[in-house]
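Working notes, structure below.
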């Protein structure tokens, strides 16, 4: 894997990480490309996000959403183009939180809710340091922010889906993340729990935390987000939902997997492809 | 009863054996917690077998002196660990395939080397199944020093190893040295395997790494508790195994492993029965 620029050295040993340039956007992606086994998974992606913004990233399975998130998180390096988080490469920052899909977490791992949230503090502590009072305070406040303080000592396997999601949000808060990437957080949650999650996201926006959310549900994205991104290897569209979710662009992203139905509210897209958990509808 | 318990320890070799069995049990159990949590049982088993050529080389060079075996075994373990890491990182070969290739290759090399010695079946069985009753003072010192070092390193890197094991992507976004931590754990397993060689031998090593930790994982949901419980179970298995070995004349390594296996089975059955009893209609926490 070759990166275009030399990765900026973040240093866990010395605790030095990239600083935030005053006038730089939270995230600026330009001409981004990433190749896997010879195929361009992502190509010519360019967009910007401002502080406190919340954007839904939608596209069919295998469209490159996860790859985009890993690139933005600085976990893998671009093969073309450039990503800047507050004016520097993502790999030098510890202000980016990645919230994994719930299906990818080992829920039987022997840790408690508070211990998972404390993991967000590890880089703040540094090598050979144990949690200080300040770290415990941050964990407590983060758990309070997501209304989970009463479950702090629970083992993580004993949580419901919505609670699991909140633990990871609390971890991002404890990390003092300013850019949060969430992979399919709504998948498998019932309507009430989805509403709870939106309330949490609202409080993140108030803290000027920028959030990117990968999701399948076009209706939810259209109704609840001011800005959406339609992705299928390249950037099909970005902007207000009504501008992006129009038949031509949707067809470009989903091909034959979408059908369009005329309703009283306008054109509605139905997705045929089923997602991992199945069971949720796009109507 | 008391006499029955103390009789074996009128022999100095039994006292040394007890020391070795307890130290090895505790070190294996603590390192083994990560082996169990990260699903590295096959890697542990492979590494145990892969030290055989090192042991054989040391044996052939020194003509049987024990302490030099330790360093040759350590070399073989480290070479194998890094070879497995390098092959699975640099090619499309899956890690378990890389482990299989290196482990059998090294093991075959070890057998080939030992077979050049005339009466090799006797010596080979010592390496394969351990010889805790033959532990020397030097062996015991080496075991104690390296065992202590391993536990100190696990404590020093506790939070980093925890994050890297639970959520590697979090570890990367927190900019932890993930590759270093992976290699660190591999080296710790390698050193543990070498330290334990004489107690349980190559063939039964993986039992000491995984059985006590797996038993502990059935009893607790906390990592530090799991490590402590696992260490206690392993130490107890070591002591029990030695008594069985002394009074029933059973091979010591096998007796220790059988004790650990018996404890696992008891705990497992108790858990099943307990789970069966509580499986009444209960309101599951909803969202």
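Residue numbers (the numbering used here), protein chains in the order written: chain A, 1199 to 1481; chain B, 0 to 286. Just so it is clear, CB atoms sit at the ideal spot from N, CA and C, and this is done for glycine as well. A quick note: this is a predicted structure, and the numbers were derived from the prediction, not measured.
Examine chain A for any beta-carbon lying closer than 8 Å to the beta-carbon of residue 243 of chain B, and answer yes or no.
-> Contact with chain A is absent for residue 243 of chain B, since none of that chain's Cβ atoms lies less than 8 Å from the residue's Cβ.
Do you know whose CA, among B/157, B/22 and B/132, lies nearest residue 11 of chain B's CA?
-> Of the listed residues, the one whose Cα sits closest to residue 11 of chain B is B/132.
For residue 1245 of chain A, which three-state DSSP category applies?
-> Looking at residue 1245 of chain A - three-state DSSP - the assignment turns out to be strand.
According to DSSP, residues forming a beta bridge with residue 1381 of chain A = A/1412, per the DSSP bridge assignment.
Kindly confirm or deny that the region 198-210 of chain B and the region 1281-1300 of chain A touch, where touching means at least three C-beta pairs closer than 8 Å.
-> No contact exists between the region 198-210 of chain B and the region 1281-1300 of chain A.
Could you give the C-beta distance for residue 208 of chain B and residue 43 of chain B, rounded to a whole number, given that I count them as a contact under 8 Å?
-> Contact between residue 208 of chain B and residue 43 of chain B holds, since their C-beta atoms are separated by about 5 Å, short of 8 Å.
Since residue 222 of chain B contacts residue 161 of chain B with CB under 8 Å, what's their CB separation in whole angstroms?
-> The distance from the Cβ of residue 222 of chain B to that of residue 161 of chain B is about 7 Å, consistent with a contact at the 8 Å cut-off.
Which bits of chain B does residue 1336 of chain A rub up against, with CB to CB less than 9 Å?
-> Neighbours of residue 1336 of chain A on chain B: none; closest Cβ ~14 Å, over 9 Å.
Residue closest to residue 128 of chain B, alpha-carbon to alpha-carbon, out of B/250, B/56 and B/34 | When each option's Cα is compared against that of residue 128 of chain B, the closest is B/250.
Supposed close pair residue 1395 of chain A, residue 1363 of chain A - CB separation, criterion 8 Å = Beta-carbon to beta-carbon, residue 1395 of chain A and residue 1363 of chain A are separated by about 6 Å, close enough to satisfy the 8 Å threshold.
Could you round the C-beta distance between residue 153 of chain B and residue 29 of chain B to whole angstroms and report it? I think they count as a contact, below 8 Å.
-> Right, their Cβ atoms sit about 6 Å apart.
With 8 Å set as the bound, which would you pick, yes or no: does the beta-carbon of residue 14 of chain B sit closer than that to a beta-carbon of chain A?
-> Answer no: the Cβ-Cβ gap between residue 14 of chain B and chain A never drops below 8 Å.
List the residues of chain A that residue 159 of chain B touches, going by C-beta distances under 9 Å, in chain order.
-> 1210, 1320 and 1325, listed in chain order.
Residue 1423 of chain A versus A/1435, A/1439, A/1430 and A/1432, residue with shortest Cα-Cα distance | When each option's Cα is compared against that of residue 1423 of chain A, the closest is A/1439.
Contacts that residue 1309 of chain A makes with chain B (C-beta to C-beta distance below 9 Å) | Near residue 1309 of chain A (Cβ distances below 9 Å), the residues of chain B are 161, 165, 220, 221 and 222.
Use the C-beta contact count for residue 0 of chain B: other C-beta atoms within 10 angstroms, 16 or more gives buried, fewer gives exposed.
-> By the beta-carbon neighbour count (other beta carbons within 10 angstroms, threshold 16), residue 0 of chain B is exposed.
Residue interval of the beta strand (DSSP E) (run including residue 1427 of chain A) | Boundaries of the beta strand (DSSP E) around residue 1427 of chain A: 1425-1430.
Nonlocal neighbours in the same chain, by C-beta distance under 7 Å from residue 1352 of chain A, ignoring five residues either side = Non-local C-beta neighbours of residue 1352 of chain A in its own chain, meaning closer than 7 Å and more than five positions away in sequence, comprise 1310 and 1311, ordered along the chain.
Have a look at the DSSP bridge pairing and note the partners of residue 1310 of chain A.
-> Per DSSP, the beta bridge partners of residue 1310 of chain A are A/1353.
I think residue 1349 of chain A touches residue 1361 of chain A, with their Cβ atoms under 8 Å apart; what is that distance to the nearest whole Å?
-> Yes, they are in contact, since the Cβ atoms of residue 1349 of chain A and residue 1361 of chain A sit about 7 Å apart, within 8 Å.
Meets three-Cβ-pair contact criterion under 8 Å: the region 12-20 of chain B and the region 131-149 of chain B = Contact between the region 12-20 of chain B and the region 131-149 of chain B is present, because at least three Cβ pairs lie under 8 Å.
Report buried or exposed for residue 1217 of chain A, applying the criterion of at least 16 other Cβ atoms within 10 angstroms of its Cβ.
-> The residue in question, residue 1217 of chain A, is exposed, as its Cβ has fewer than 16 Cβ neighbours within 10 Å.
Taking the alpha-carbon positions, what's the residue 254 of chain B to residue 167 of chain B distance?
-> Taking the straight line joining both Cα atoms gives about 38 Å.
Residues near residue 269 of chain B in its chain [Cβ-Cβ closer than 6 Å; skip 5 each side] = For residue 269 of chain B, same chain residues with a beta-carbon under 6 Å away, outside a window of 5 residues either side, do not exist.
Cβ-based burial, residue 1331 of chain A [other Cβ within 10 Å; buried from 16] | Label assigned to residue 1331 of chain A: exposed.
What three-state label does DSSP hand residue 1239 of chain A in the structure shown?
-> Residue state, collapsed to three classes: strand.
Put residue 1218 of chain A into one of helix, strand or coil per three-state DSSP.
-> Assignment of residue 1218 of chain A by DSSP, reduced to helix, strand and coil, places it in the coil class.
Between which two residues does the beta strand (DSSP E) containing residue 1225 of chain A stretch?
-> That run of the beta strand (DSSP E) goes 1225-1234.
Kindly indicate which residue of B/170, B/194 and B/244 has the alpha-carbon position closest to the one of residue 50 of chain B.
-> When B/170, B/194 and B/244 are compared, the shortest CA-CA separation from residue 50 of chain B is found for B/194.
Cβ of residue 59 of chain B versus every heavy atom of the ligand NAP: is any distance shorter than 7 Å?
-> Looking at this structure, you won't find the ligand NAP or any other ligand, since it has none at all.
Quick one: is residue 39 of chain B buried, meaning 16 or more other Cβ sit within 10 Å of its Cβ, or exposed?
-> The Cβ neighbour count for residue 39 of chain B, taken over all protein chains shown within 10 Å, is at least 16; the residue is labelled buried.
Backbone secondary structure at residue 1373 of chain A - three-state DSSP = In the structure shown, the three-state DSSP call for residue 1373 of chain A is coil.
Residues bridged to residue 1280 of chain A [DSSP beta-bridge criterion] | Listed as beta-bridge partners of residue 1280 of chain A by DSSP are A/1228.
Alpha helix (DSSP H) containing residue 182 of chain B: first to last residue?
-> Counting along the chain, the alpha helix (DSSP H) containing residue 182 of chain B begins and ends at 177-218.
Name the chain B residues that come within less than 8 Å of residue 1296 of chain A, Cβ to Cβ?
-> Near residue 1296 of chain A (Cβ distances below 8 Å), the residues of chain B are 168, 169 and 172.
Which residues, in order along the region 1211-1241 of chain A, keep a beta-carbon less than 9 Å from a beta-carbon of chain B?
-> Residues of the region 1211-1241 of chain A whose Cβ lies closer than 9 Å to any Cβ of chain B, in chain order: 1211 and 1215.
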